[in-house]
């Protein structure tokens with residue numbers, strides 16, 4: 002018999018353990034925010050704050066929880082959290098790591114207010130006789146391989 006409740010709590014505990022490693026030098030509210038965002042995004046499989054809040058099952062109104070998370074996001078990533086994350090990743094990679102850097106453009110044809118939105122020639126839609134430009138923003142991602150050649154999740158370097 003499959004005990005899904007036990008599996009759920011095991012996964013939640015692993016997520017919170019990871020979050021605690023990243024946020025160990027942060028203030029209590031920042032630790033709570035880190036844990037809630039990490040768990041909420043993984044549980045909802047979405048980065049939309051309304052979906053994250055749905056997974057947190059809080060007693061407060063949804064709009065208040067979304068506003069609280071938005072305030073924390075507006076502060077940016079604390080330097081201590083970045084340092085803890087990089088220290089954690091360093092323990093998983095060799096002394097001569099293989100790092101994959103991916104420069105790419107994300108096309109947003111309906112985008113109007115994205116930060117750093119620009120026009121770029123779309124190579125897949127353009128031909129010798131016709132040039133097509135799309136609204137895009139630039140994204141640079143880095144992925145490092147562990148000692149077992151498994152990728153550590155992407156680090157966004159926008």
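In the numbering used here, the protein residues as written are 2 to 159.
C-beta: ideal position from N, C-alpha, C; glycine also.
The Cβ atoms of residue 140 and residue 105 lie closer than 8 Å to each other. Out of 136, 126, 65 and 31, the CA that lies nearest to the CA of residue 107 is found in 136. Rounded to the nearest angstrom, the gap between the Cα atoms of residue 99 and residue 67 is 38 Å. In this structure, the straight-line span from the alpha carbon of residue 24 to that of residue 118 is close to 32 Å. Residue 67 carries a helical assignment under DSSP once its states are collapsed to helix, strand and coil. Unbroken beta strand (DSSP E) runs of no fewer than 3 residues, entirely contained in the region 80 to 115, are found at 100 to 108, following chain order.
Out of 131, 90, 114 and 17, the CA that lies nearest to the CA of residue 122 is found in 131. Within the same chain, Cβ atoms closer than 7 Å to the Cβ of residue 110 are found at 135 and 136, the five residues on either side in sequence being excluded. In this chain, the alpha helix (DSSP H) harbouring residue 36 covers 29 to 45. Under a 10 Å Cβ-count criterion, residue 40 is classified as buried, with 16 or more other Cβ atoms of the shown protein chains found around its own Cβ.
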